[in-house]
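Numbering (our numbering), first residue to last: 67 to 396. Heads up, the beta-carbon is just placed ideally off N, CA and C, and yes, glycines get one too.
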């Protein structure tokens, strides 16, 4: 492990407005700060106290490691990080070809981590708070139309346990609009086939009930009764498991969906979130109100759900261009 030395100089000339450190830390002339250990401690708090998902924890860890990479694994004491250092880090991220949205996420993670260091009394200020962030371009969610969705879902098949599982996964993603992190966390007892309901735990372990239709009920019933028992028993109650009987990961489902979309020759690769976006857009096009869609998606803010009104507007314009005799100037 790399240890980094932070020397405190105690003098009468310290500015009065600067937050004072606790007595034990003032007495200690030298404080050893282990950044890696502090990152692990910070991530553990996010998981155990704030109930962040494993996927979110992994994102934080990956982003914080970028800062260690920027400093050649030898970051200076937190109090020594300057505004110029922060700006140079932004340039470093641009050189790594990160998009503005990703850069904003990385800096947000560093702000949170530095607040953690303040709580732990390893520093007294947060240099990342005043850092101006590049504006992220807000793109419309990627969706596929109903015919493409039907082609995709019907192309997988159910003649083997693997295919029945994959069909069930994709059908559930589209039928419910749940996040991939929510789907991989499902257990068999999360499903209520009698009421066509699923109990899911979203961001921050917030519980909600999502609904599914009759078609998804048939596919789920077949999978639970016939395909799921064909996988090895490993003592867990996960709804979706791999060939070893272990709970499927989000990454393995992403690879699976990419495989099937590539086989069908779709122009754009379909991701798990494509199903969620298509679910919301098709509900809106079908007449569902935004509040209901917000509840089904588990959005804490209606503003997040409103992005789908722009998707529907874009579809409407495209339909007009194709259908109206003077819709296209070319």
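DSSP beta-bridge partners for residue i?
i: residue 276; result: 264
i: residue 304; result: 253
i: residue 313; result: 307
What residue from the options has the CA that sits closest to residue i's CA?
i: residue 141; options: 101, 178, 128; result: 101
i: residue 198; options: 270, 153, 329; result: 153
i: residue 319; options: 200, 163, 237; result: 237
i: residue 129; options: 148, 144, 146, 156; result: 156
i: residue 335; options: 275, 352, 210, 349; result: 210
i: residue 277; options: 355, 284, 264; result: 264
i: residue 333; options: 227, 256, 208; result: 208
i: residue 222; options: 135, 327, 351, 364; result: 327
i: residue 163; options: 151, 132, 252; result: 132
i: residue 362; options: 249, 259, 296, 274; result: 274
i: residue 134; options: 114, 289, 103; result: 103
i: residue 313; options: 323, 300, 325; result: 300
i: residue 201; options: 171, 191, 177; result: 171
i: residue 138; options: 149, 126, 158, 291; result: 158
Exposed or buried, which one is residue i when buried takes at least 16 other CB atoms within 10 Å?
i: residue 298; result: exposed
i: residue 307; result: buried
i: residue 281; result: exposed
i: residue 89; result: Annotation note: pLDDT 35 at residue 89 (below 50); position unreliable, no value reported.
i: residue 189; result: buried
i: residue 359; result: buried
i: residue 120; result: exposed
i: residue 421; result: Residue 421 cannot be examined here, being either before or after the span of the chain that is shown, 67 to 396.
i: residue 364; result: buried
i: residue 284; result: exposed
i: residue 353; result: exposed
i: residue 58; result: The first residue shown for the chain is 67 and the last is 396, placing residue 58 beyond what the model contains.
What would DSSP say about residue i, mapped onto helix, strand or coil?
i: residue 258; result: strand
i: residue 245; result: coil
i: residue 214; result: helix
i: residue 198; result: coil
i: residue 290; result: helix
i: residue 334; result: coil
i: residue 221; result: helix
i: residue 318; result: helix
i: residue 188; result: coil
i: residue 324; result: helix
i: residue 89; result: Reliability fails at residue 89, whose pLDDT of 35 lies under 50, so the model's placement of it is uncertain and no value is given.
At least one CB of chain C closer than 8 Å to the CB of residue i: is that the case?
i: residue 353; result: Protein chains in the displayed structure number just one, and chain C is not present.
Complete runs of the alpha helix (DSSP H) confined to the region 93-155 [at least 4 residues]: 101-114, 120-136
Length at least 4, wholly inside the region 345-375: the alpha helix (DSSP H) runs in chain order: You should have 356-363, 368-371.
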